[in-house]
Amino acid sequence: MARIAVAKAADVPDNGPLLVTVDGVEIGIYRVGGQYYAWRNVCPHEAAPVCVGMVCGTRLPSRVYEYHYGREGEILRCPWHGWEFDLKTGEHLAGTRKRLKGYPVEEEAGQLYITV
Ligand code: FES
């Protein structure tokens, strides 16, 4: 395991990733609710570059014929088939065992470090 400085925290855009490459692996860094998360830019479904997908919200559980949208800015939607992933946990929202591959992110004095 190695802890690598990858970016300045201020370089991570709102509602979008900062894409970095570490040892040939492309990783998207996101800021959600003031916390940083790093996900490999490969969708666990069919390997799309998931980090170019939209950061959005999703439909919340509701009764039949009721539609409630929420969690804006917490969901990553894959650009190929629309699978939605929780940006905080990497979990697929439909409850499959598929999930994004993540890396721990630490911030110190405005510098972001990823452990790979
Ligand atoms: S490749 Fe991401 S949803 Fe299919």
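For the sequence shown, our numbering assigns the number 416 to the initial residue and increments by one for each residue that follows.
Even for Gly, the Cβ is constructed at its ideal location relative to N, Cα and C.
Top-ranked residue by Cα proximity to residue i, from the options
| i | options | result |
| --- | --- | --- |
| residue 441 | 462, 490 and 483 | 462 |
| residue 458 | 529, 528 and 517 | 517 |
| residue 535 | 492, 449, 499 and 470 | What the structure shows of the chain is the stretch from 416 to 531, and residue 535 is not part of that stretch, so it cannot be assessed. |
| residue 446 | 511, 514, 501 and 475 | 501 |
| residue 513 | 499, 431, 524 and 421 | 499 |
| residue 436 | 523, 510, 422 and 507 | 422 |
| residue 541 | 416, 453 and 438 | Residue 541 is absent from the model: the chain starts at 416 and stops at 531. |
| residue 523 | 497, 451 and 430 | 451 |
| residue 496 | 476, 427, 506 and 464 | 464 |
| residue 428 | 488, 460, 519 and 484 | 488 |
Beta-carbon proximity of residue i to residue j, cut-off 8 Å
| i | j | result |
| --- | --- | --- |
| residue 486 | residue 473 | yes |
| residue 471 | residue 455 | no |
| residue 490 | residue 419 | no |
| residue 508 | residue 466 | no |
| residue 438 | residue 531 | yes |
Rounded straight-line distance, which links the Cα of residue j to that of residue i
| i | j | result |
| --- | --- | --- |
| residue 443 | residue 481 | 34 Å |
| residue 430 | residue 494 | 15 Å |
| residue 526 | residue 478 | 44 Å |
| residue 469 | residue 515 | 15 Å |
| residue 476 | residue 417 | 40 Å |
Give every residue whose Cβ lies closer than 7 Å to any heavy atom of the ligand FES, listed in chain order.
458, 460, 461, 462, 463, 465, 493, 495, 496, 497 and 498
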